[in-house]
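*Asks:*
Chains as they are written, first to last, in our numbering: chain A, 76 to 634; chain B, 11 to 144.
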């Protein structure tokens, strides 16, 4: 981009500037800190110049939006064509209550649904299971059977919305329910679109909603991917998630690196199951976090897109450009929110939204300002959605594609993060792959070390967090918190009792028997799961079939 | 010469909640402060937590919950500890716990609730003061 002579001259002038004016000012007024770093600990220079991106080759590093290596975005027109999908993750209490929240959000201009399931559903337990005590309907909606699913989407035509479901270990079961529901609405499978998270590796690494050991878990993941390729072509079969890795304490570069490492494992598993990389590659999607340091986040997203494109092309030999596109959803950073002075969180979320827009995401959930205190109230959810709408419609961030490209800082930081991703990938490969690295606790330890370092920095006031270690104040306890009815479990238990009494026992038993049989072979489990949910088998019953065959995963704890 | 007995802490995650960043971080910080720490891992029932406290002869049980189940689990752990005669075990909690629930939890026998943003050395000091005071 710059000729050698020009670079030499900039370099010389920069040195003169460093030794001249800068030194003089610093002698009198020292800088605020001896070194500056991003929230992830990436070193930040005083000033970036062409010298910092000396070898910069536009075609090789950036290219054009919609073209390899997709650094500048995955679509040719990006938000000038269509804004990102505003998709608020929601769910609590009964299917009826959540259905009302969905219809409210759709009326407010939200363009996609995102289902939060309660922890029993996510762990494959029915609401009346002893381990579900206290958890029913708490962090999401309780879904036990197709009956609940029907209520959840009441008056919502499934061909008019796309639905993202945060479900992993039992992803096949919830997808089966959604497909059965589509059939009830007389829709062919190719008319419904959406995403299941279906990312078991990050559950094992840090999110904790696993059921089975890694290998049978991966088999369910691959079965779902394969089934959708054949029958539900518009479904995003997996959302390979860095979000929770970041929440657990990782840096931005680690978030991207470990997510891509997990992605490589899934791609390899599908190839091992005799699938062509270009058959399932275009349906892979990703899910990331956005913290408040805008430029670091933008660099992370750009570096990740570029790295993934290379992985798919060079490592796996993909031919279809769509297989090389890292399409992703973003959620703003839950852990960046403070319980102290909660209204400040609106500002944090706005900056994170800006970072997401500059970064080129396909969809976004913005957190509500009260989430460090409780589940979000309707008021807080509305402000969060409006934040996206303001950034999209007023800030101008959506009007030109990848507008920060070419910034010496952003390009240098993009390279810096890409190098870190590459270092991690080499390390993980040398350990024998992601599963090995997880088994040995390497990835978990790297994340925990970063979390620990961050906490220490905050407590030593080396890093400032407004309302936590600076600008603190006395404030009255918050009011107007959202409460979930503690009677929830009773309500669900009654429903389950009724379901178990009234369903056709013969059909139900045969369906579960068939599922058991298929699961012991190499045959794809999806058709049998769909039959089971239609026979009104519950999430817990279906998951128990597999618990009996594969047992349950018990992780080693690495502290 | 008597050596001071190390404070023994059980860090536990009751229920199905998978958010264990805080629990693991505190386990490490406590260990560095000279305490002996056992982290139970996820998905603990109150019975499992109390069994661990009994077996390990714990001085402190730390409970972490971010999924809104504290009002059920925390008092239940205190109750079971009492049933097993472990009245002297200090129970503390943390996580996403609304201020208005704190009084009820304290009444139920939870010595303190540490919300988001608490300094870890404040937690250590609280535990050390309580244990040496008894």
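Note that CB positions come from ideal geometry on N, CA and C, so glycine has one too. Fair warning: this is a prediction, and the values are worked out from it, not measured in the lab.
Find the nearest neighbour of residue 413(A) within the set 433(A), 403(A) and 442(A), judged by alpha-carbon distance.
*Replies:* 442(A)
*Asks:* Would you tell me roughly how many angstroms separate the C-alpha atoms of residue 391(A) and residue 100(B), rounded to the nearest one?
*Replies:* 55 Å
*Asks:* For residue 110(A), go through chain B and note every residue whose CB falls closer than 7 Å to its CB, in chain order.
*Replies:* None at all; the shortest Cβ gap to chain B is about 24 Å.
*Asks:* Assign residue 480(A) to one of two classes, buried (16 or more other C-beta atoms within 10 Å of its C-beta) or exposed (fewer than that).
*Replies:* buried
*Asks:* DSSP beta-bridge partners for residue 100(B)?
*Replies:* 70(B)
*Asks:* State buried or exposed for residue 366(A), treating a residue as buried only when at least 16 other CB atoms are found within 10 Å of its CB.
*Replies:* buried
*Asks:* Compute the distance between the beta-carbons of residue 293(A) and residue 320(A), then report whether it is under 8 Å.
*Replies:* no
*Asks:* Looking at chain B, is there any beta carbon in it that lies within less than 8 Å of the beta carbon of residue 552(A)?
*Replies:* yes
*Asks:* Please specify which runs of the alpha helix (DSSP H), each continuous and at least 4 residues long, are wholly inside the stretch 410-473 of chain A, giving them in chain order.
*Replies:* 419-434 and 453-468
*Asks:* From residue 330(A) to residue 39(B), what does the alpha carbon distance come to, in whole angstroms?
*Replies:* Roughly 24 Å separates the two Cα atoms.
*Asks:* Skipping 5 residues on each side, what residues in its chain have a beta carbon closer than 8 Å to that of residue 338(A)?
*Replies:* 315, 359, 361, 383 and 386
*Asks:* What is the C-beta distance between residue 428(A) and residue 407(A), in whole angstroms, given that I count them as a contact (C-beta under 8 Å)?
*Replies:* Between residue 428(A) and residue 407(A) the beta-carbon gap is near 7 Å, inside 8 Å, which marks them as a contact.
*Asks:* How big is the Cα-Cα spacing for residue 332(A) and residue 500(A)?
*Replies:* 7 Å
*Asks:* Have a look at 323(A), 286(A) and 268(A) and flag the residue whose alpha-carbon is nearest the alpha-carbon of residue 304(A).
*Replies:* 268(A)
*Asks:* Against residue 208(A), what residues of chain B qualify as contacts under a CB-to-CB distance less than 7 Å, listed in chain order?
*Replies:* Among the residues of chain B, those whose CB is under 7 Å from the CB of residue 208(A) are 82, following chain order.
*Asks:* Can a CB atom of chain B be found closer than 8 Å to the CB of residue 630(A)?
*Replies:* For residue 630(A), the answer is yes, since a Cβ of chain B falls inside 8 Å of its Cβ.
*Asks:* Per DSSP, residue 406(A) is paired with what?
*Replies:* 364(A) and 440(A)
*Asks:* What does a CB cutoff of less than 6 Å around residue 119(B) pick up in its chain, not counting 5 residues either side in sequence?
*Replies:* The beta carbon of residue 119(B) lies closer than 6 Å to those of 88 in the same chain, with the five residues before and after it left out.
*Asks:* Would you please state the rounded distance, in angstroms, between the beta carbons of residue 437(A) and residue 160(A)? I believe it to be under 8 Å.
*Replies:* 7 Å
*Asks:* What residues of chain B sit near residue 526(A), judged by a beta carbon separation below 8 Å?
*Replies:* 31, 34 and 35
*Asks:* Report yes or no: do three or more beta-carbon pairs, one from the stretch 123-141 of chain A and one from the stretch 468-488 of chain A, lie closer than 8 Å?
*Replies:* Short answer: they touch.
*Asks:* Do we get a CB-CB distance below 8 Å when we pair residue 594(A) with the residues of chain B?
*Replies:* no
*Asks:* Enumerated in chain order, which unbroken segments of the alpha helix (DSSP H) with a length of 4 residues or greater are wholly contained in the stretch 158-232 of chain A?
*Replies:* With a minimum length of 4 residues, the continuous alpha helix (DSSP H) runs that stay inside the stretch 158-232 of chain A are 170-182, 194-197 and 221-227.
*Asks:* Quick one, which residues of the stretch 89-115 of chain B are near chain A if we go by CB-CB under 8 Å, in chain order?
*Replies:* 106, 108, 109 and 110
*Asks:* Whether or not the stretch 578-595 of chain A and the stretch 609-623 of chain A are in contact is what I'm after, with contact meaning three or more pairs of Cβ atoms, one per stretch, closer than 8 Å; do they touch?
*Replies:* yes
*Asks:* Quick check on residue 318(A): buried or exposed, where buried means 16 or more other Cβ atoms within 10 Å of its Cβ?
*Replies:* It is buried - the Cβ of residue 318(A) has at least 16 other Cβ atoms within 10 Å.
*Asks:* With distances taken Cα to Cα, identify the nearest neighbour of residue 110(B) among 632(A), 225(A), 625(A) and 553(A).
*Replies:* 553(A)
*Asks:* Comparing the C-beta of residue 74(B) with each C-beta of chain A, is any distance below 8 Å?
*Replies:* no
*Asks:* Would you call the stretch 193-206 of chain A and the stretch 143-161 of chain A touching, i.e. three or more CB-CB distances under 8 Å?
*Replies:* Verdict: no, contact absent.
*Asks:* Which of helix, strand or coil does DSSP assign to residue 49(B)?
*Replies:* It is a strand residue.
*Asks:* Going by DSSP in three states, residue 54(B) sits in which element: helix, strand or coil?
*Replies:* Looking at residue 54(B) - three-state DSSP - the assignment turns out to be strand.
*Asks:* Under 8 Å between C-beta atoms, does residue 614(A) make it to chain B?
*Replies:* no
*Asks:* With a cut-off of 8 Å, do at least 3 Cβ pairs link the stretch 79-86 of chain A to the stretch 118-131 of chain A?
*Replies:* yes
*Asks:* Can you find a C-beta in chain B that's less than 8 Å from the C-beta of residue 543(A)?
*Replies:* yes
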